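Taking it in order: structure first as structure tokens, then the write-up.
In our numbering, the protein residues as written are 1240 to 1464.
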């Protein structure tokens, strides 16, 4: 079973609930950014081993966008660089992967995903906590990590803050997998979901390489059955 554990985080459930309730008032834009130092697990920067942040992290956000909106990808454009080149920690990696990327994904229904990933900053760089924000014509919801974590909700002149329970990490995924093994529940995330996310990551790398947008007709879970 794929470990798309971000689906299980309380903030993701709140975004999905608001979307399904129609609270955003129209097509949504989901903005995500993640900026960190070059990773201590250096194989994350190897093109031939891990594939870099576009494979390692972007797949999770692609999956979140599909799960929250229930829609499929239409078109993708990306641009990126290798920021880790020359960093001491990565001196033994001879096939550095793209570690900085801007990705724009259009979904059916006009929904948009705007993602910025950067795992190539100098060693010791203070991580900018992943930032999640979804907005539509009627509402903005932004995740504020910390202790306690919260979602800020703005639909007018006032801001409402919703406190969230602690994150659950991968515990829910492990429990769900064990229940599936014992025949107590069906897998709720399928290999087909993972394949779509991986195809989107590869499409992003293709767009970075070519400088052109990638049309995504046929890239959805149903086409892989």
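All C-beta atoms, glycine included, are put in the ideal place defined by N, C-alpha and C.
Keep in mind it's a predicted model, so treat the numbers as computed, not measured.
Review point. So who's on the other strand from residue 1319, going by DSSP bridges?
Key: 1340
Practice item. Indicate whether the contact test is met: 3 or more Cβ pairs, each with one atom in the segment 1426 to 1437 and one in the segment 1296 to 1306, closer than 8 Å. Key: yes
Point to revise | Backbone CA spacing between residue 1442 and residue 1241 [nearest angstrom] | key: 20 Å
Review point. Start and end of the alpha helix (DSSP H) containing residue 1295?
Key: 1292 to 1295
Practice item. Return the bridge partner residues of residue 1352 from the DSSP annotation. Key: 1269, 1344
Review point. Residue 1312 by DSSP, collapsed to three states: which one?
Key: strand
Practice item. Starting from the C-beta of residue 1294, find all residues in its chain whose C-beta is less than 6 Å away, skip the five residues before and the five after it, and write them out in chain order. Key: 1440
Review point. CB-CB under 6 Å to residue 1274, same chain, minus the five flanking residues each way: which ones, in chain order?
Key: 1357, 1367
Check your understanding: Taking the alpha-carbon positions, what's the residue 1257 to residue 1328 distance?
Key -> 42 Å
Practice item. Taking residue 1465 as part of the alpha helix (DSSP H), name the residues at either end of that continuous run. Key: Nothing about residue 1465 can be read from this structure; the chain reaches only from 1240 to 1464.
**Study point:** residue 1445 to residue 1372 span [Cα, whole Å]
**Key:** 26 Å
Check your understanding: Any C-beta of chain C sitting closer than 8 Å to the C-beta of residue 1263?
Key -> Note that chain C does not occur in the displayed structure, where there is just one protein chain.
Review point. DSSP state of residue 1281, grouped into three classes?
Key: helix
Review point. Shortest alpha-carbon distance to residue 1353 belongs to which of 1325, 1344, 1361?
Key: 1344
Review point. Residues bridged to residue 1257 by DSSP?
Key: Answer is none; residue 1257 lacks a bridge partner.
Point to revise | C-alpha distance - residue 1449 paired with residue 1316, whole-angstrom precision | key: 10 Å
Review point. Going by beta carbon distance, what residues of the same chain come within less than 6 Å of residue 1306, once the five residues before and after it are set aside?
Key: 1246
**Study point:** residue 1380, buried or exposed, once every other Cβ within 10 Å from all chains shown has been counted against 16
**Key:** buried
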